[in-house]
Structures are given as structure tokens and as C-alpha cells.
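K.L.:
So for the sequence shown, this note's numbering puts the first residue at 120; every next one is plus one.
I'd like to ask some things about the structure below.
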Amino acid sequence: MDAIQIYCDLNFHWPGYWGLMNPQWNMCSKGRRQSPINVEPEKLLFDPHLQRIHLDKHKVSGTLHNTGQSLVFRVDKDTKQHVNISGGPLAYRYQFEEIYIHYGVENQQGGSEHHIHGYSFPAEIQFYGFNKQLYHNMSEAQHKSQGIVGISIMVQIGDIPNPELRIITSVFNRVTYKGASTPIKHISLKNMLPDTEHFMTYEGSTTHPGCWETTVWIILNKPIYITYHELYQLRKLMQGSKEAPKAPLGNNARPVQPLHQRTIRTNINFKNAQPRPGVIDDSRSQEKGLVNGSPPFSSGLPPPESVIETEVPPQLL
């Protein structure tokens with residue numbers, strides 16, 4: 120391996136260097152519409168015109184890759200029936216292409232890229248799709264206006280994991296080291312989504328190089344769940360080869376970026392919502408949203424038995 124490759128491998132995990140590593144990645148250091156961000160509930164703008172998000176129901180097959188920088192699922196290139204993403208803030212149809220998984224390696228720290236009121240979840244799953252009505256593929260779309268959609272799904276620890284996520288977690292042991300890959304058949308993206316119609320949305324960028332500011336982000340307002348055992352298996356993945364494993368693959372979240380006066384819209388009508396007083400049993404946390412209910416206080420430790428509801432943020436007009 121030459122010196123340049125070693126330099127790139129070492130610094131890919133330090134996002135502050137991305138803009139210096141490659142001139143084509145200069146948006147990583149100079150862009151003003153970057154992702155991820157911290158969502159402050161009191162600053163959300165209710166938009167009554169936001170529609171429901173739609174994903175096709177049919178299943179897809181693909182390959183899960185340990186790239187040495189990330190854990191990525193990519194749909195098979197010869198797929199005959201692609202999953203389309205539409206609705207929400209989207210003016211076009213987008214074709215699903217890949218999933219990125221971000222997570223932390225220790226209980227005391229979070230792993231999600233997007234934060235909610237300063238809170239980082241144990242993990243975050245991101246669906247990426249490209250604008251199929253304007254562009255031919257992801258490579259073309261990622262450089263172009265309205266080219267990409269990113270759907271952010273927060274992942275919390277729980278006893279009843281998401282069944283579709285379990286299809287992915289069951290093969291983690293096959294992608295322990297860099298360069299490893301394994302096929303995954305017949306996974307339903309729609310069934311991996313949490314049971315909610317509510318979301319937040321903003322204009323941002325990809326969270327990996329070259330940080331292209333062509334992404335419409337949709338952050339769903341409820342998490343899905345992963346067990347401690349599944350998270351433990353995820354944390355065993357490594358950046359390097361079996362002979363030189365380097366460090367764990369986790370802690371692969373880009374730090375939150377400045378908002379720079381961007382608007383974060385939502386279809387959550389806080390004006391009509393009634394705060395639920397008192398204490399909520401966290402075992403029913405599937406019923407609780409990210410921004411209209413307090414997230415658990417720890418990103419990796421067992422959630423408290425109860426969480427006190429915070430006051431619902433006011434609508435911003």
C-alpha cells in the first residue's frame with residue numbers, strides 16, 4: 120500500500136480532514152448546507168403542505184459490504200423492480216440505491232449522525248436514493264440539484280427488534296473485516312420504517328465525501344429497535360483486514376454541522392398536539408416520537424424505566 124493510500128485510510132475516519140484530502144471534496148470544509156445537523160424541536164417550522172412519504176412495498180436484494188470506512192448495503196444492479204421513494208417534501212420520484220449504518224462502539228456515547236435536541240442515538244440507518252426522473256444513476260445525481268434523498272431512521276436499544284433489521288444483523292459475522300461482503304435476499308425497506316407518518320426535513324448534503332449539497336433529508340420521528348446482542352455483534356466489525364484489523368468500524372458518524380439559517384420543516388402540528396403529562400413507561404416508547412417526547416437520557420445504557428415528558432414545542436409561523 121502506498122503512502123497516499125495509507126494517508127487516506129487513516130484520515131477518512133477524521134472528517135475534519137476530508138476537505139484537505141481531495142480537491143473534489145472541498146465542500147466538506149467549505150459548504151454551508153452540510154449534514155448531519157442537530158434538530159432543535161423548538162425551531163421546527165410546521166408545513167401543512169407536506170405529504171406522507173411513500174415507499175414501494177416490494178422487497179429488494181443486494182449485498183452488505185464492510186468498506187473499511189462504513190457498513191453499506193447496495194441493491195443488486197440487475198434488480199428488475201426497484202423501490203421508489205416519493206411524497207413528503209419530494210417533488211420527484213427517487214430510486215432506492217443503498218443503506219449506510221452509523222453506530223458507536225461504547226455504551227457511554229452515541230452513534231447516530233443526526234442529533235435530536237443534542238441527543239445522539241446508539242445508531243442511525245440511512246436510506247439513500249437518487250432522482251430517477253432527472254438523472255440516470257447515483258453517480259450522476261449526487262452532483263446535481265435535487266439529486267439525492269436521504270431517509271434517516273434512528274435506532275434505539277430494545278427487547279423487540281425490527282424484523283427487517285434483524286435480517287441484516289443476522290449476517291454481521293460475515294462482514295467482520297474490510298473488503299468482506301455477503302448477499303442479503305428479499306428485504307422490505309417499507310417494513311424497516313418505524314410506524315409513524317411524522318418526520319422532519321431539510322436541505323443538506325451527503326454525510327460522506329464529497330459532502331455534495333444535493334440531498335433532501337427526511338428524519339423520521341420514531342426510532343426502530345435493536346437488541347443489545349445485535350449491537351454487540353455490530354461493534355465487533357473492524358476497519359482493517361483479519362491480519363491487520365486496525366480499529367473497530369464504529370464511531371463512523373460525521374460530527375453535526377452548522378445549520379447556517381436553514382429551515383427544518385415538519386408535518387408535526389404542535390399547535391394541535393397535547394402534551395402528555397406525567398410519566399411514560401419506556402416499554403411503550405414505540406408510541407413516542409423523537410421531538411414530541413423526550414428521548415431516553417443515555418444513548419447506549421439501558422433506558423430508564425420512565426421518562427418525563429417535556430413540554431411540546433410551539434409552532435413556528
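Heads up, the beta-carbon is just placed ideally off N, CA and C, and yes, glycines get one too.
Taking the straight line between their C-alpha atoms, what separation do you get for PRO155 and THR334?
P.N.:
So the two alpha carbons sit approximately 11 Å from each other.
K.L.:
Quick one, which of THR301, SER231, VAL274 and PRO374 has its alpha-carbon nearest TRP137's?
P.N.:
PRO374
K.L.:
If you draw a straight line from the C-alpha of GLU283 to the C-alpha of TYR238, how long is it?
P.N.:
25 Å
K.L.:
Which residue marks the beginning of the alpha helix (DSSP H) containing ARG193, and which one marks its end?
P.N.:
No alpha helix (DSSP H) contains ARG193, which is instead part of the beta strand (DSSP E) from 190-194.
K.L.:
Rounded to the nearest angstrom, what separates PRO364 and LEU339 at their Cα positions?
P.N.:
34 Å
K.L.:
Report the residue from LEU183, LEU190, LYS199 and LEU164 whose alpha carbon sits nearest the alpha carbon of HIS177.
P.N.:
LYS199
K.L.:
To the nearest angstrom, how far is it from the Cα of PRO134 to the Cα of GLN188?
P.N.:
11 Å
K.L.:
Distance check for ASN250 and ILE267, CA to CA, integer angstroms please.
P.N.:
6 Å
K.L.:
Should PRO167 go down as buried or exposed, given a rule of 16 or more other Cβ atoms within 10 Å for buried?
P.N.:
exposed
K.L.:
Rounded to whole angstroms, what's the CA-CA distance from VAL290 to ILE235? Just pull it up for me.
P.N.:
Roughly 30 Å separates the two Cα atoms.
K.L.:
In or out: LEU190 buried (at least 16 other Cβ within 10 Å) or exposed?
P.N.:
LEU190 sits buried, since 16 or more C-beta atoms from the chains shown fall within 10 Å of its C-beta.
K.L.:
Answer yes or no: do PRO280 and TYR344 have a C-beta to C-beta separation smaller than 7 Å?
P.N.:
Yes, the pair counts as a contact, with Cβ atoms nearer than the cut-off.
K.L.:
CB-CB under 6 Å to ARG151, same chain, minus the five flanking residues each way: which ones, in chain order?
P.N.:
HIS379
K.L.:
So the beta strand (DSSP E) MET319 belongs to, where does it begin and stop?
P.N.:
318-323
K.L.:
Can you tell me whether ALA372 is buried or exposed, with buried defined as 16 or more other CB within 10 angstroms of its CB?
P.N.:
buried
K.L.:
With 16 other CB atoms within 10 Å as the buried threshold, where does TYR219 fall?
P.N.:
buried
K.L.:
Along the chain, which unbroken stretches of the beta strand (DSSP E) at least 3 residues long are found entirely within the stretch 148-217?
P.N.:
172-174, 179-185, 190-194 and 203-206
K.L.:
Look at THR320 and ILE337 and say whether their C-beta atoms are less than 7 Å apart.
P.N.:
Yes.
K.L.:
Which partner residues does GLY359 have in the DSSP bridge list?
P.N.:
The partner list for GLY359 (beta bridge, DSSP) is empty, contrary to what the question assumes.
K.L.:
What are the start and end residues of each continuous beta strand (DSSP E) run of 3 or more residues lying completely inside the stretch 223-247, in chain order?
P.N.:
none
K.L.:
What do you reckon, are the CB atoms on ASN256 and HIS317 nearer than 7 Å?
P.N.:
no
K.L.:
Going by DSSP, what residue range makes up the beta strand (DSSP E) through LEU350?
P.N.:
For LEU350, no beta strand (DSSP E) segment is defined; the enclosing uninterrupted segment is the alpha helix (DSSP H) at 347-354.
K.L.:
Can you tell me which residues form a DSSP beta bridge with ILE306?
P.N.:
VAL179
K.L.:
Can you give me the start and stop residues for the alpha helix (DSSP H) that THR288 sits inside?
P.N.:
282-288
K.L.:
Does the beta-carbon of HIS262 have 16 or more other beta-carbons within 10 angstroms, so that it is buried, or is it exposed?
P.N.:
exposed
K.L.:
Considering only DSSP beta bridges, list what ARG384 is partnered with.
P.N.:
LEU164 and THR320
K.L.:
Does the beta-carbon of GLY298 have 16 or more other beta-carbons within 10 angstroms, so that it is buried, or is it exposed?
P.N.:
exposed
K.L.:
Can you say whether TYR351 is buried or exposed, counting buried as having 16 or more other CB atoms within 10 angstroms of its CB?
P.N.:
exposed
K.L.:
Closest by CA to VAL202, which one among PHE165, TYR222, GLN228 and HIS173?
P.N.:
HIS173
K.L.:
What are the residues that DSSP puts in a beta bridge with PHE249?
P.N.:
GLN214 and ILE267
K.L.:
May I have the straight-line CA-CA distance separating SER300 from LEU368, to the nearest angstrom?
P.N.:
14 Å
K.L.:
Compare the C-alpha of GLN227 against each of PHE240, LYS309, THR182 and ASP175 and name the closest.
P.N.:
Checking every option, the nearest Cα to that of GLN227 belongs to PHE240.
K.L.:
Tell me which residues share the same chain as HIS504 and place their Cβ nearer than 7 Å to its Cβ, disregarding the 5 neighbours each side in the sequence.
P.N.:
Only positions 120 to 436 of the chain appear in the structure, and residue 504 is not among them; the question remains open.
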